Amino acid sequence: PRKIIIDTDPGQDDAIAILLALGSPELEIAGISAVAGNVPLKLTEKNARKICELAGRPEIKVYAGAIRPLARELVTAEEVHGKTGLNGPDLPEPTMKLQDQYAVDFIVETLMKEESGTITLCPLGPLTNVALALIREPRIAPRIKEIVLMGGGFFEGGNVTPTAEFNIYVDPHAADVVFRSGIPIVMMPLDVTHKALTTSKRIEAFRKLGTKVGIAAAEMLEFFERYDEGKYGTDGGPLHDPCVIAYLLKPDLFKGRHCNVTVETASELTMGMTVVDWWGVTSREKNAMVMRDIDHDGFFALLVERLGRLN
Ligand code: BDR
Ligand code: CA
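This is the structure:
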C-alpha cells in the first residue's frame, strides 16, 4: 500500500477524508498530524482520535502539531463546523491516547527514516505543520513522494475573502513555503470541491449503509451542508477534503493542468490568494498540478463504497 501522512484540522469534511483513507486498503496511514484550523488544536487532535475510534481503528497514531499559524493570528471556522469542529453526530469522548511526540517532529522523523520517495503528504488544513517540518529539516523535501492538498481557488474565487480559500488564508506564509518547496504538488481548489455537493440523495446513501460510520457520516454532512447551502443556495454543501484521498485512489476522477501557483502574503486585500497561472501567461515555473474538474458521481460512489467497508 501507498504510505501517507494525513495532516488535518477536523472538521466534518476532514473526518470523511480520514474515513475514506481508513476504508481503503491501497493506503497505509503512517500517522495523522493535527493542526489548528477549523477549530483550535485541542479540538482538532481530539476530533481526529474520535474518527479513528468511530472506524474501529484506535491503533492509528495521532499527533498534535502547531497551535497557531507561522505569522498571523489563528482564524477559526466555528460558523461552518460548529463549536466542537465536528458538530452533527454524538460521538463519544475518545479513549485512545494522543502520541507524545510533536507532529512536526513525527513528520520529519518519518520522512528521514522511511525509504526516500515513499511517503505522500495529504494536508487537509492550514499548511503550518508541513511548512514547519520543511523549515526544521530541509532534507525531507526531496524525500517526499508528493503533496496532495486541499486549498486555494482561482476562477471560483475564495470562501473566506473574495479571493482566499480558508486553508491558505489561515496560514498564507506556510502555504508560500510549501508552494516554493519544489516538491511535486497536486492541488484540490474550490474550483473542484464546489462541484462535489452533498445532495440529500447522497447523504441518504451514507445513512442507508446502516453502519455506525455510515450514520455518523450522514449526520456530519447534514450539519456541515447547512452553512454552505445557505451561502451558495445549492442543494448540498461542497465536500472539500475527501477529494485529496479520492485522488490517491482514483486519479482519473479529476482533471486539471500543471501550472504555476504563487501565494499572496503581503496584500491585506487579497491575503492568502492562490494566484494560478492557468493560461501560462508568465514564465514562472510550473510547481503544481491544479485540478479544476471532478467526476462527482464517481467520487460519491467511491466514498459510499469505501465507508461501507468500515464496521
Ligand atoms: C477547507 O476549509 C475547511 O473549513 C475545510 O475543512 C476544508 O479543508 C475548505 O475551504
Ligand atoms: Ca480541513
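In case it helps, full-length UniProt numbering puts the sequence shown at residues 4 to 314.
Where a beta carbon is used, it is the ideal one built from N, C-alpha and C, also for glycine.
For clarity, every value in this text was computed on a predicted model and none was experimentally measured.
When the Cβ atoms of the segment 12-23 are set against those of the segment 140-147, are three or more pairs found closer than 8 Å? No contact exists between the segment 12-23 and the segment 140-147.
Less than 9 Å between the beta carbons of LYS310 and LEU212, yes or no? The sequence position of residue 310 within the sequence shown is 307, counting from 1. The sequence position of residue 212 within the sequence shown is 209, counting from 1. The question names Lys, yet the displayed sequence has Leu at residue 310. Contact flag set, yes.
Beta-carbon gap between CYS55 and LEU101 smaller than 9 Å: Residue 55 sits at position 52 when you count from the first residue of the sequence shown. Residue 101 sits at position 98 when you count from the first residue of the sequence shown. Contact: no.
Evaluate the contact criterion for the segment 225-244 versus the segment 37-51: three or more CB pairs, one atom per stretch, below 8 Å. The segment 225-244 is not in contact with the segment 37-51.
Neighbourhood of ILE188 by C-beta distance below 6 Å, restricted to the same chain and skipping five residues each side: Looking up residue 188 in the sequence shown gives position 185. Non-local C-beta neighbours of ILE188 in its own chain, meaning closer than 6 Å and more than five positions away in sequence, comprise ILE150, ALA291, ordered along the chain.
Contact between the segment 175-194 and the segment 224-237 is defined here as three or more beta-carbon pairs at a separation below 8 Å; is this criterion met? No: fewer than three Cβ pairs fall under 8 Å.
State whether the segment 229-240 contacts the segment 289-303, with contact taken as three or more CB pairs (one from each stretch) at a distance under 8 Å. By the Cβ criterion, the segment 229-240 is not in contact with the segment 289-303, since fewer than three pairs of Cβ atoms, one from each stretch, lie closer than 8 Å.
Continuous alpha helix (DSSP H) assignments of at least 4 residues falling wholly in the segment 44-71: Restricted to the segment 44-71, the alpha helix (DSSP H) segments that are unbroken, complete and at least 4 residues in length are 44-57, listed in chain order.
Any idea what DSSP makes of LYS6, helix, strand or coil? Here residue 6 refers to the residue found at position 3 when the sequence shown is read from its first residue. In this structure, LYS6 counts as strand in the three-state DSSP scheme.
Quick check: the segment 270-281 against the segment 166-173, are there 3 or more CB pairs under 8 Å? The segment 166-173 and the segment 270-281 touch, with three or more beta-carbon pairs separated by less than 8 Å.
Under the three-state reduction of DSSP, which class applies to ILE186: helix, strand or coil? For the purposes of this step, residue 186 is taken as the residue at position 183 of the sequence shown. In the structure shown, ILE186 sits in coil (DSSP, three-state: anything other than H, G, I, E or B).
How many angstroms separate the CA atom of LEU200 from the CA atom of LEU77? On the sequence shown, position 197 is the one that residue 200 refers to. On the sequence shown, position 74 is the one that residue 77 refers to. Rounded to whole angstroms, LEU200 to LEU77 spans 28 Å at the Cα level.
Between the CA atoms of THR79 and GLY240 - distance to the nearest angstrom: Locating residue 240 in the sequence shown gives position 237, counting from the first residue. Locating residue 79 in the sequence shown gives position 76, counting from the first residue. Taking C-alpha positions only, GLY240 is separated from THR79 by approximately 19 Å.
Any idea if ASP231 is buried or exposed, counting beta-carbon neighbours within 10 angstroms, 16 or more meaning buried? Taking the sequence shown and counting its residues from 1, one reaches residue 231 at position 228. It is buried - the Cβ of ASP231 has at least 16 other Cβ atoms within 10 Å.
Would you tell me roughly how many angstroms separate the C-alpha atoms of GLY88 and VAL42, rounded to the nearest one? For the purposes of this step, residue 88 is taken as residue 85 along the sequence shown, with counting starting at 1. For the purposes of this step, residue 42 is taken as residue 39 along the sequence shown, with counting starting at 1. Approximately 6 Å between the Cα atoms of the pair.
Buried/exposed call for LEU116, threshold 16 Cβ in 10 Å: For this step, residue 116 is matched to residue 113 along the sequence shown. Note on residue identity: the sequence assigns Lys, not Leu, to residue 116. Flag for LYS116 reads exposed.
Alpha-carbon to alpha-carbon, PRO175 and ASN314: Residue numbering aside, residue 314 sits at position 311 when the sequence shown is read from its first letter. Residue numbering aside, residue 175 sits at position 172 when the sequence shown is read from its first letter. ASN314 and PRO175 have their C-alpha atoms some 38 Å from each other.
In whole angstroms, give me the CA-to-CA distance for MET99 and ASN50. Sequence index remark: in the sequence shown, residue 99 carries index 96 (1-based). Sequence index remark: in the sequence shown, residue 50 carries index 47 (1-based). A direct Cα-to-Cα measurement between MET99 and ASN50 gives close to 11 Å.
Could you tell me whether the Cβ atoms of ALA37 and ALA106 are closer together than 9 Å? The residue you call residue 37 lines up with position 34 of the sequence shown. The residue you call residue 106 lines up with position 103 of the sequence shown. Yes; because the gap between Cβ atoms is below 9 Å, this pair is in contact.
For the beta strand (DSSP E) that contains LYS148, what are its first and last residues? Here the question's residue 148 lines up with position 145 in the sequence shown. Counting along the chain, LYS148 sits inside the beta strand (DSSP E) bounded by residues 147-153.
Top-ranked residue by Cα proximity to ARG205, from PHE302, ASP194, GLY283, ASN263: Counted from its first residue, the sequence shown places residue 205 at position 202. Closest by alpha carbon: PHE302.
Contact under 9 Å by Cβ, LEU251 with THR123: Within the sequence shown, numbered from 1, the residue matching residue 251 stands at position 248. Within the sequence shown, numbered from 1, the residue matching residue 123 stands at position 120. In this structure, THR123 lies closer than 9 Å to LEU251 by Cβ.
Count the other CB atoms within 10 Å of the CB of residue 2; is the residue buried (16 or more) or exposed (fewer)? No answer is possible for residue 2: it lies beyond the span of the chain, which begins at 4 and ends at 314.
From what residue to what residue does the alpha helix (DSSP H) around HIS84 run? Residue mapping note: residue 84 aligns to position 81 of the sequence shown, counting from 1. Start and end: 81-84.
Which class does LYS100 belong to by DSSP, given the choice of helix, strand or coil? Position 97 of the sequence shown, counted from the first residue, corresponds to residue 100. Three-state DSSP puts LYS100 in coil, outside helix and strand.
Nearest by alpha-carbon distance to CYS125: which of ALA67, THR214, ILE32, VAL195 is it? Translated into positions along the sequence shown, residue 125 becomes position 122. Considering only ALA67, THR214, ILE32, VAL195, the residue with the shortest C-alpha distance to CYS125 is ILE32.
Note down, in chain order, each residue of its chain lying with its Cβ closer than 8 Å to the Cβ of THR113, except the 5 sequence neighbours on either side. Sequence index remark: in the sequence shown, residue 113 carries index 110 (1-based). Excluding sequence positions up to five before and after THR113, its CB lies within less than 8 Å of the CB of ILE8, ALA33, GLY34, ILE122, all in the same chain and listed in chain order.
Start and end of the alpha helix (DSSP H) containing PRO126? Walking along the sequence shown from the start, residue 126 turns up at place 123. Per DSSP, PRO126 belongs to no alpha helix (DSSP H); it is in the beta strand (DSSP E), 122-126.
Whole-angstrom distance between GLY155 and GLY91, CA atom to CA atom: Your numbering for residue 91 matches position 88 in the sequence shown. Your numbering for residue 155 matches position 152 in the sequence shown. Taking the straight line from one Cα to the other gives about 26 Å.
Environment of ligand 4 in chain order, Cβ to heavy atom below 6 Å: Among the ligands modelled here, namely ligand 1 and ligand 2, ligand 4 does not occur.
For HIS84, count neighbouring C-beta atoms within 10 Å of its own C-beta (all shown protein chains included) and say buried if the count is 16 or more, exposed if not. Here the question's residue 84 lines up with position 81 in the sequence shown. Buried is the call here.
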